[in-house]
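Residue numbers (my numbering): 346 to 803.
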């Protein structure tokens, strides 16, 4: 997790620090346009690759000797998916059923291919436990993105095109490093594939498509609902609201990447050494603490980060923060499915959550505006968490303090409502600080565990 922190924290921190640049140089429509392309790519990757990137991570953890073949199979499906996307863009060029895609097709294709190759290499690095290489690639990519954004947006004044190019080239630098660091440039990838292994990988990966799409819906449906009901400019403002929750996303990404490896290696149906219980409880405490502090600081951070008309984005932040909290907890519980290779069960809960997200987000948006989309997202994550918490009992004996946890989630909700609907004042912030202190006291046992671990390492 230390190495993954270097990789992810640098990229998320730099992205966070660049928010004032984006919101001062780009228009709300520009930002909304890029966001919808990027969000769409996250949907297309699992579909066009048949989810094979998940197998590129999972299978080397069990059989390192066949890592070269696993990588080759993954690359084959990545190339096939990209060819399909190129053909689709070609058809759109001829018949133009999407003006947005017609205008930005080259950038869309470049963003897709760099994103999918980058994801596959990162998963492969985790699968063969080359986490140090993954960490370095994250730092390289982050440095490149910040330099190129400053160059393209401020010096060359390329606006949206510059934003596309900076993010594409940032991933290119990361890809080049990983290709050489992992030694994949030496692989003989055009030899006859192992059909039996490919079938096994697809048997595992194809059911994960439903899971990936459902998570995508949970993460992205709110944007499409807002575009459909309120337009690209409103989506630009709403998308910027995710920049403060991206601080929590750092912890989510770091944890999920490390947890996938540990969940497989440490799986025990009886959890006799309490590993799963401790990981769940401590992760829950850390994420709740980060969440409550960020809710407290939402307006302060918004004044620094959100320029001009983007400032209105602050009001969506508290509910999105709580959504990410439940997303992390779903990831912890999802480790059980990964360890048992039960990819079908993994997807069922997220499918239900996705359906709820679409229906609730749409209905609530019609009633209360864009805030309804944020509430729909929150509701969907809570539902997935409940289903997985119940379902995991079939696989292992996981003992957690559920009543205490639910009480703390209720406090976070009250804290959010107070911040959004009450006038800003000294007493409001005093009450917010009391909420933070009370939540920390609720998890004093987990705090002692963390302090004990730090002292032991010293």
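Backbone N, C-alpha and C fix where the C-beta goes; we use that ideal spot for every residue, glycine too.
### Task
Go through its chain and collect everything with a Cβ distance to residue 416's Cβ below 7 Å, but skip five positions before and after it.
Closer than 7 Å at the Cβ level, and outside the excluded window around residue 416, lie 401, 469, 529 and 532.
### Task
From the DSSP output, in three-state form, read off residue 441 for me.
Residue 441: coil per DSSP, three-state reduction.
### Query
How many Å lie between residue 452 and residue 510 at the Cα?
The straight-line gap from Cα to Cα measures roughly 8 Å.
### Query
What are the boundary residues of the alpha helix (DSSP H) that includes residue 726?
In the DSSP assignment, residue 726 falls within the unbroken alpha helix (DSSP H) covering 716-736.
### Query
From which residue to which residue does the alpha helix (DSSP H) around residue 659 run?
Premise fails: residue 659 is in no alpha helix (DSSP H) and is neither H nor E.
#### Entry: Span separating the alpha-carbon of residue 467 from that of residue 523
Roughly 8 Å separates the two Cα atoms.
### Query
Is there contact between the region 539-553 and the region 699-708, where contact requires at least three CB pairs shorter than 8 Å?
Under the 8 Å Cβ criterion, the region 539-553 does not count as touching the region 699-708, having fewer than three qualifying pairs.
### Message
Is the beta carbon of residue 430 closer than 8 Å to that of residue 389?
### Response
Yes, the Cβ-Cβ distance between residue 389 and residue 430 is below 8 Å.
### Task
Determine the extent of the alpha helix (DSSP H) in which residue 530 is found, giving its start and end residues.
Under the DSSP assignment, residue 530 falls outside any alpha helix (DSSP H); it carries neither an H nor an E label.
### Query
Roughly how many angstroms lie between the CA atoms of residue 501 and residue 370, to the nearest whole one?
Their Cα atoms are separated by approximately 12 Å.
### Task
Check whether the Cβ atoms of residue 665 and residue 365 sit closer than 8 Å, and answer yes or no.
No, the Cβ-Cβ distance between residue 665 and residue 365 is not below 8 Å.
### Task
Report the residue from 377, 782 and 790 whose alpha carbon sits nearest the alpha carbon of residue 339.
Given that the chain is displayed from residue 346 to residue 803, the structure contains no residue 339 and the question cannot be resolved.
#### Entry: C-alpha gap between residue 747 and residue 567, whole angstroms
For residue 747 and residue 567, the gap between their C-alpha atoms comes out near 29 Å.
### Query
For residue 579 versus residue 667, is the C-beta distance shorter than 8 Å?
Not in contact: residue 579 and residue 667 (Cβ atoms no closer than 8 Å).
### Task
For residue 411, I'd like the list of residues in its chain whose CB is within less than 7 Å of its CB, leaving aside the five on either flank, ordered along the chain.
Excluding its 5 nearest sequence neighbours in each direction, residue 411 has C-beta neighbours in its own chain below 7 Å: 542, listed in chain order.
### Query
Is it buried or exposed for residue 769, if we count other Cβ within 10 angstroms and need 16 for buried?
Residue 769 is exposed by the Cβ-count criterion.
#### Entry: Residue closest to residue 559, alpha-carbon to alpha-carbon, out of 640, 754, 761 and 729
When only C-alpha atoms are compared, the closest one is 729.
### residue 594 burial status per 10 Å Cβ neighbour count (16 or more: buried)
Buried, since its Cβ has 16 or more Cβ neighbours within 10 Å.
### Query
Would you report the Cα separation of residue 380 and residue 793, rounded to the nearest angstrom?
Distance from the CA atom of residue 380 to the CA atom of residue 793, rounded to whole angstroms, is 41 Å.
### Message
Here's a check: name, in chain order, each residue in its chain whose Cβ is nearer than 7 Å to the Cβ of residue 721, leaving out the five neighbours to either side.
### Response
Cβ contact annotation for residue 721 (same chain, cutoff 7 Å, sequence separation greater than five): 567, 702, 705, 706 and 709, in chain order.
### Query
Helix, strand or coil: which one does DSSP assign to residue 739?
Here residue 739 carries a helix assignment [DSSP, helix/strand/coil].
### Task
Counting only the same chain and skipping the five closest in sequence on each side, list residues whose C-beta sits under 6 Å from that of residue 526.
Listed in chain order, the non-local C-beta contacts of residue 526 below 6 Å within the same chain comprise 478, local neighbours out to five positions each way being set aside.
### Task
Give the C-beta separation of residue 662 and residue 634 to the nearest angstrom, bearing in mind that I take them to be a contact with Cβ-Cβ under 8 Å.
About 17 Å separates the two Cβ atoms, so there is no contact after all.
### Task
Grab me the residues of residue 486's own chain with a C-beta within less than 7 Å of its C-beta, minus the 5 sequence neighbours each way, in chain order.
Same-chain partners within the cutoff: 356, 515, 516, 518 and 519.
### Query
residue 448: buried (16+ other C-beta within 10 angstroms of its C-beta) or exposed?
The residue in question, residue 448, is exposed, as its Cβ has fewer than 16 Cβ neighbours within 10 Å.
#### Entry: Residues near residue 658 in its chain [Cβ-Cβ closer than 6 Å; skip 5 each side]
Cβ neighbours of residue 658 beyond the five flanking positions: 582, 585, 586 and 651.
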